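Some notes on the structure that comes next.
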Amino acid sequence: MTVALSGKEIATQIEEKFPESVVESSEKAVVVKSDSLLDVAAFLKDTPSLDFDYLNYITAVDYYDHFEVVYMLSSLEHNHSLVIKARCSDRESPALPSVVHLWQGADFQEREIYDLMGIRFEGHPNMKRIFLWEGFPGHPLRKDFM
Amino acid sequence: MALKTEPFVLNLGPVHPSTHGVFRMRATLDGEVVVDIEPVFGYLHRGVEKLTEQRTYTGIIPLTDRLDYIASMSNNLAYVLAVEKLAGIKVPERAEYIRVIMAELQRVAALLIAVGSFLNDCGAYFTPFLYMFRERERIVDLFEMVSGQRLTYNYMRIGGVSQDIPAEFMPALRKFLDMMPRFLDEYDQLLMQNEILLARAKGVGILTREQAINCSASGPVLRASGVKWDIRKADPYSVYDRFEFDIPTGTVGDCYDRYRQRVAEMRQSLRIIKQAMEQMPPGPVKAEVPHLLHPPVGEAYGRIEAPKGELGFYLVSDNSIAPYRCHIRPPSLINLTALRDMIRGWKVADAIIIFGSIDITVGEIDR
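Going line by line, the protein sequences match chains A and B.
Numbering-wise, the working numbering puts 47 at position 47 of the first sequence, and it's gapless, one number per residue.
Quick note, the working numbering runs 146 ahead of the 1-based positions in the second sequence.
Okay, structure coming up:
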């Protein structure tokens, strides 16, 4: 069985390394500050005891007052997984750092989120729409899109 | 005087480079060599994720049929598993076994199409494809018996399956299991050492182990690169922990390995079906589930090892009758991440095979 690592325990490890980078944590997930997302992601990937070498998926949820981007990470070696989240509250031009250089698997998924949810990933080598055409009005997966 | 040359842009598609749906590859060529390639999606985008937000949990099941439409049963299963996880529903034993049998039959059917169309791409025009369709037809007949449908089955339900298998199903399945290994041997005889196939696929489009993991590849594509990772073993769902089967892996990660990987996986699926048939207990096939489901506030991710890789549904519930958010993790889309690295440096003709060896369904990419 894939062990879902406790978000609370990982959060203390992250806090030790990067103080004040965790917004909140539960058993299921760790919410990290968007400006420390890259550091935390690299830490999770490169620490041998965690070894999160595999990015299962990225997705985004619109909660009206903020967007939540969800990353599920796995280690194929240790067979454990972790969900980390990042939030951005700017509805006009929400942005988060891109993790493509850590996990190339994020490439199309970040473009998809940009296309359908309108969150821009900074540092992505090809940040443009993936399914809809350039010039499509709005981002359909937002809750206020009619 | 040097000849002036410039790169040439060639659109492969959007009709289709082979038989995988409406998809376009924008290739930049230097002579016959591909120097860059960009996949272009969106021709089949129907906004399934948005549609789910206005449907009841049960009403979403038919939508899942239309994602990877050559493996509808697998899509059904991944979705209902996610909802059951979200709402904490327990499924009767018999239903679990029926689900496993259907999912594995579906895997064989989908892999037959994958192998068949790959051989088409290699130039073995429609002869092997027709053979594979002959066998797939028998599986489709079996599915028709249980669900009345031949493509979009809509068979699984939250808490079980829509109805028990009919009396004539088991004898027909037994007959299929007797025949199928012989057919697989026949393919091996015809194709495994076929000189043209070896020449075209061996060493072509290599995806290394590290690249495969970094690109989040899954399913046969990941395993053909030598990574022993199968969700049925690594994170068993349903009753997969009760069956004995092996995880075949490749060594090189070239097109030939991916082809062989799929044939090997079909044999393992047949093993699982045989065991599931023997162990299947009698009993109900559907748990008592309220007609309009209100899962508690929260989120869940349910995933399965679909024929193409990790298929998952991420659901967020706000305690209403429709999901607040439903995200689908499509193996077809994510497996294409490595396409550019695999194709660059190869000729146009190889690009078609490399693309074919990944095995995609556009319904799942675009959603």
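Where a beta carbon is used, it is the ideal one built from N, C-alpha and C, also for glycine.
Note that the structure is a prediction, hence the values are computed from the model and not measured.
Chain B contacts from the region 64-80 of chain A (Cβ-Cβ distance under 8 Å):
Within the region 64-80 of chain A, the qualifying residues are V70, M72, L76 and N79.
Are the beta-carbon atoms of L330 (chain B) and K420 (chain B) separated by less than 7 Å?
No, they are not a contact pair.
Report the residues of the region 120-139 of chain A with a CB closer than 7 Å to any CB of chain B, ordered along the chain.
Within the region 120-139 of chain A, the residues whose Cβ lies closer than 7 Å to some Cβ of chain B are I130, F131 and L132, listed in chain order.
8 Å CB neighbourhood of S164 (chain B) in its chain, flanking five on each side removed:
At S164 (chain B), the pLDDT of 49 sits below 50, so the modelled position is not reliable; the number obtained from the coordinates is stated separately. The answer, listed in chain order, is S263, N266, D267, I498, F501 and G502.
May I ask you to report which of helix, strand or coil DSSP gives A345 (chain B)?
The three-state reading of DSSP puts A345 (chain B) in helix, counting H, G and I together.
Under three-state DSSP, which class holds I207 (chain B)?
I207 (chain B) sits in a helix when the DSSP states are folded into three classes.
Same chain, Cβ closer than 6 Å to S308 (chain B), five either side skipped, listed in chain order
So the qualifying residues of the chain are Y301.
I480 (chain B) at chain A interface by Cβ criterion, 7 Å
So yes, I480 (chain B) belongs to the interface.
Reduced DSSP secondary structure (H/G/I, E/B, other) of K196 (chain B):
Here K196 (chain B) carries a helix assignment [DSSP, helix/strand/coil].
Give every residue of the same chain whose Cβ lies closer than 8 Å to the Cβ of D512 (chain B), excluding the five residues on either side of it in the sequence, and list them in chain order.
So the list reads F187, G188, Y189, L190, H191 and R192, once near-sequence residues are dropped.
Roughly how many angstroms lie between the CA atoms of V32 (chain A) and I10 (chain A), to the nearest whole one?
Distance from the CA atom of V32 (chain A) to the CA atom of I10 (chain A), rounded to whole angstroms, is 11 Å.
Pull up the DSSP beta-bridge partners for Y174 (chain B), would you.
According to the sequence provided, residue 174 (chain B) is Thr. The question's Tyr does not apply to it. The partner list for T174 (chain B) (beta bridge, DSSP) reads B:V155 and B:D182.
Does DSSP put S164 (chain B) in a helix, a strand or coil?
Summary for S164 (chain B): the model assigns pLDDT 49, below 50, so the residue's position carries little reliability; its value from the coordinates is reported in the next sentence. Residue state, collapsed to three classes: coil.
For the alpha helix (DSSP H) containing Y402 (chain B), name the first residue and the last one.
Annotation for Y402 (chain B): the continuous alpha helix (DSSP H) segment containing it runs C401 to Q425.
Going by DSSP, what residues sit across from D62 (chain A) in a beta bridge?
Answer is A:F67, bridged to D62 (chain A).
Whether S478 (chain B) touches E510 (chain B) by CB criterion (7 Å):
Taking 7 Å as the cut-off, the beta carbon of S478 (chain B) is found closer than this to the beta carbon of E510 (chain B).
Taking 7 Å as the limit between beta carbons, can you name the residues of its chain near E27 (chain A), skipping five residues before and five after?
Correct list, in chain order: S6, G7 and K8.
Test item: CB-CB of T395 (chain B) and G372 (chain B) under 7 Å
Their beta carbons are under 7 Å apart, which means T395 (chain B) touches G372 (chain B) by this criterion.
Leaving out the 5 sequence neighbours to the left and right, which residues in its chain are closer than 7 Å to A433 (chain B) when beta-carbon positions are compared?
Here A433 (chain B) has I235, K236, V237, P238, G305 and G306 as same chain residues with Cβ atoms under 7 Å from its own Cβ, once five neighbours each way along the sequence are excluded.
Check the Cβ of Y54 (chain A) against every Cβ in chain B and list those closer than 7 Å, keeping chain order.
Around Y54 (chain A), the beta-carbon contacts reaching into chain B at under 7 Å are I359 and S362.
Stretch pair the region 404-420 of chain B + the region 385-393 of chain B: three plus CB contacts closer than 8 Å
Verdict: yes, contact present.
Backbone secondary structure at L55 (chain A) - three-state DSSP
Residue state for L55 (chain A) is assigned as strand, using DSSP reduced to three classes.
In chain A, which residues lie with their C-beta within 7 Å of the C-beta of T483 (chain B)?
What T483 (chain B) touches in chain A: Q104, G105, D107 and F108.
Contact set between M1 (chain A) and chain B, taken where Cβ atoms lie within less than 9 Å:
Within chain B, the residues near M1 (chain A) are A380, D381, P382 and D387.
Can you list, in chain order, the residues of its chain with a C-beta nearer than 7 Å to that of Y383 (chain B)? Leave out the 5 residues immediately preceding and following it.
For Y383 (chain B), same chain residues with a beta-carbon under 7 Å away, outside a window of 5 residues either side, are L227 and I450 in chain order.
Please decide whether K196 (chain B) counts as near chain A, where near means a Cβ-Cβ distance under 7 Å.
Taking 7 Å as the threshold, the shortest C-beta distance from K196 (chain B) to chain A falls below it.
When you compare the CB of F187 (chain B) with every CB in chain A, is at least one pair closer than 7 Å?
Residue contact with chain A for F187 (chain B): present (Cβ-Cβ distance below 7 Å to some residue of chain A).
Contact list for E456 (chain B) against chain A, beta-carbon separation under 9 Å
Ordered by position in chain A, the residues that pass the 9 Å Cβ test against E456 (chain B) are N56 and Y57.
Against chain B, with Cβ distances strictly below 7 Å, would V30 (chain A) count as a contact?
Output row for V30 (chain A): interface = no.
Does the beta-carbon of E242 (chain B) have 16 or more other beta-carbons within 10 angstroms, so that it is buried, or is it exposed?
It counts as buried.
Using the Cα positions of D62 (chain A) and V23 (chain A), report the straight-line distance between them to the nearest angstrom.
Whole-angstrom Cα-Cα distance: 18 Å.
Does any residue of chain B have a CB that is nearer than 7 Å to the CB of V61 (chain A)?
Taking Cβ atoms only, chain B reaches closer than 7 Å to V61 (chain A), which makes this a yes.
Expressed to the nearest angstrom, what Euclidean distance is found between the alpha-carbon atoms of A281 (chain B) and L258 (chain B)?
First, the amino acid is wrong: residue 281 (chain B) is Glu here, not Ala. So the two alpha carbons sit approximately 8 Å from each other.
Identify the contact partners of D512 (chain B) in chain A, using a Cβ-Cβ distance below 9 Å as the criterion.
Near D512 (chain B) (Cβ distances below 9 Å), the residues of chain A are F131.
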